[in-house]
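Going by the numbering used here, the sequence shown opens with residue 638, and the numbers climb by one from there. Quick reminder that beta carbons are idealized off the backbone N, C-alpha and C, glycines included. Notes follow once the structure below has been shown.
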Amino acid sequence: MNLLEFQERFADEDSCEWYLIQLRWPDGYVCETCGSKEAWYMSARRSYECRHCNHQRSITAETMFQASHTSLREWFLALYLVTESKKGISVLQLAHHLGMKDSRRAARMKKRIQQAMTARNERYLLQGFVELDEAVFIENGEHATVLAAVSVEEETGHPKYVRFQVVENMKAATLESAAVSVIDPSSDIATDAHPSHNRLGEHFNEHISCKQEKPSDAAQYLPWVHLLISNAKRFINGTHHAVNHLQGYMEEFSWRFNRRFCDLFQQILVASISYKPAYRLQ
Ligand SMILES: [Zn+2]
638 MNLLEFQERF
648 ADEDSCEWYL
658 IQLRWPDGYV
668 CETCGSKEAW
678 YMSARRSYEC
688 RHCNHQRSIT
698 AETMFQASHT
708 SLREWFLALY
718 LVTESKKGIS
728 VLQLAHHLGM
738 KDSRRAARMK
748 KRIQQAMTAR
758 NERYLLQGFV
768 ELDEAVFIEN
778 GEHATVLAAV
788 SVEEETGHPK
798 YVRFQVVENM
808 KAATLESAAV
818 SVIDPSSDIA
828 TDAHPSHNRL
838 GEHFNEHISC
848 KQEKPSDAAQ
858 YLPWVHLLIS
868 NAKRFINGTH
878 HAVNHLQGYM
888 EEFSWRFNRR
898 FCDLFQQILV
908 ASISYKPAYR
918 LQ
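Next up, the structure:
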């Protein structure tokens, strides 16, 4: 969808509300208390009221948009801009496009969008043949270690899915628990011969340790994880500059890569209705 089509489709608050209602209740609204399908829609309150038991339910309750003073139209535009820009969009660019003088609100929206992406990423563990390595990124001007893992299609040799996890240190126990949090135990994993990887085989079906003669060998033995690490660095350094919440950006990069063959705007709308934030957004 191009920007003109987006603006025509989501021209006002009403069209965003109706879109959200159809996404949440494709077979029609049903009262969660009594199961009745007869309800009035109260536009001023963005809520349904059941004709039988009078139970009221906000259409944004238990979604990314709940407890937010931001209009749905602004939210939808933010989701469109975040997903349609090939390299992602910075907080300052987002604030500029939404006409916000204070970029802090754009920063809070961006963070919530990344949290919805994180919730989707966390539903899946990598499976099959998985390349694993660590890399150094910059967070708040300091070095941060990130565990990277990429599942590879065995027939074609192409990458399937990626996950990243920021870790405290390079100790074996730290890396093992990070690896277990993103990779299914049935997987076969390949790593370099760093001593911190020695016990990984205890957690997975098989551990292949690739002994490297020189650092450039890594790209040969573990090509996809290295490529995705450099792509992630380009995504973060190129668009976002100094990031203060690295994990959120790693999740955004992974979410986009893992859905590279999908309509990302549609995907983020689906994510937005299944993610329930735990805090209010001003
Ligand atoms: Zn009811």
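Considering Cα atoms alone, identify which of ARG710, VAL787, GLU791 is closest to VAL819.
Along the sequence shown, read from residue 1 onward, the residue named residue 819 stands at position 182. Looking at the Cα atoms, VAL787 is the closest of the given residues.
Assign GLY632 to one of two classes, buried (16 or more other C-beta atoms within 10 Å of its C-beta) or exposed (fewer than that).
Residue 632 lies beyond the residue range present for the chain, which begins at 638 and ends at 919; the question has no answer from this structure.
Hey, is CYS653 close to ligand 1, as in C-beta under 8 Å from one of its heavy atoms?
Position 16 of the sequence shown, counted from the first residue, corresponds to residue 653. Because no heavy atom of ligand 1 lies under 8 Å away, the Cβ of CYS653 does not count as near it: no.
Our contact map puts LEU595 next to THR828 with C-beta atoms below 8 Å; I'd like the distance itself, whole angstroms only.
Residue 595 cannot be examined here, being either before or after the span of the chain that is shown, 638 to 919.
With DSSP as the reference, label GLU759 as helix, strand or coil.
One-based indexing of the sequence shown puts residue 759 at position 122. Reduced to three states, the DSSP call for GLU759 is coil.
Beta-carbon distances below 6 Å to any heavy atom of ligand 1 define the shell here; list its residues in chain order, please.
CYS668, THR670, CYS671, SER673, CYS687, HIS689, CYS690, HIS692
Leaving out five residues on either side along the sequence, give the residues of the same chain with a beta carbon under 7 Å from the beta carbon of GLN919.
Locating residue 919 in the sequence shown gives position 282, where the first residue counts as 1. For GLN919, the predicted model reports a pLDDT of 47, less than 50, meaning its position is unreliable and no value from the coordinates is stated.
Using CA atoms only, rank isn't needed, just tell me which of LYS797, TYR678, ILE845, GLN857 is closest to GLU654.
Position 17 of the sequence shown holds residue 654. Nearest of LYS797, TYR678, ILE845, GLN857 to GLU654, Cα basis: TYR678.
What's the call for HIS780, buried or exposed, on a 16-neighbour Cβ count within 10 Å?
Looking up residue 780 in the sequence shown gives position 143. So HIS780 ends up on the exposed side.
Kindly indicate which three-state DSSP category GLN651 falls into: helix, strand or coil?
In the sequence shown, the residue the question calls residue 651 occupies position 14. Here residue 651 turns out to be Asp, not Gln, going by the sequence shown. Helix.
Count the CB pairs spanning the stretch 887-905 and the stretch 726-740 that are closer than 8 Å, and state whether there are at least three.
no
CA-CA distance, ILE826 and GLU699?
Your numbering for residue 826 matches position 189 in the sequence shown. Your numbering for residue 699 matches position 62 in the sequence shown. Going by the C-alpha atoms only, they are around 37 Å apart.
Jot down the residue ranges of each uninterrupted alpha helix (DSSP H) in the stretch 814-839, minimum 4 residues, whole runs only, in chain order.
none
Can you tell me the Cα-Cα spacing of TYR717 and HIS795, whole angstroms?
For the purposes of this step, residue 717 is taken as residue 80 along the sequence shown, with counting starting at 1. For the purposes of this step, residue 795 is taken as residue 158 along the sequence shown, with counting starting at 1. Cα to Cα, the separation comes out at about 28 Å.
Could you pull the DSSP bridge partners for GLU843 from this structure?
Taking the first residue of the sequence shown as 1, we reach residue 843 at position 206. DSSP output for GLU843 lists ASP825 as bridge partner(s).
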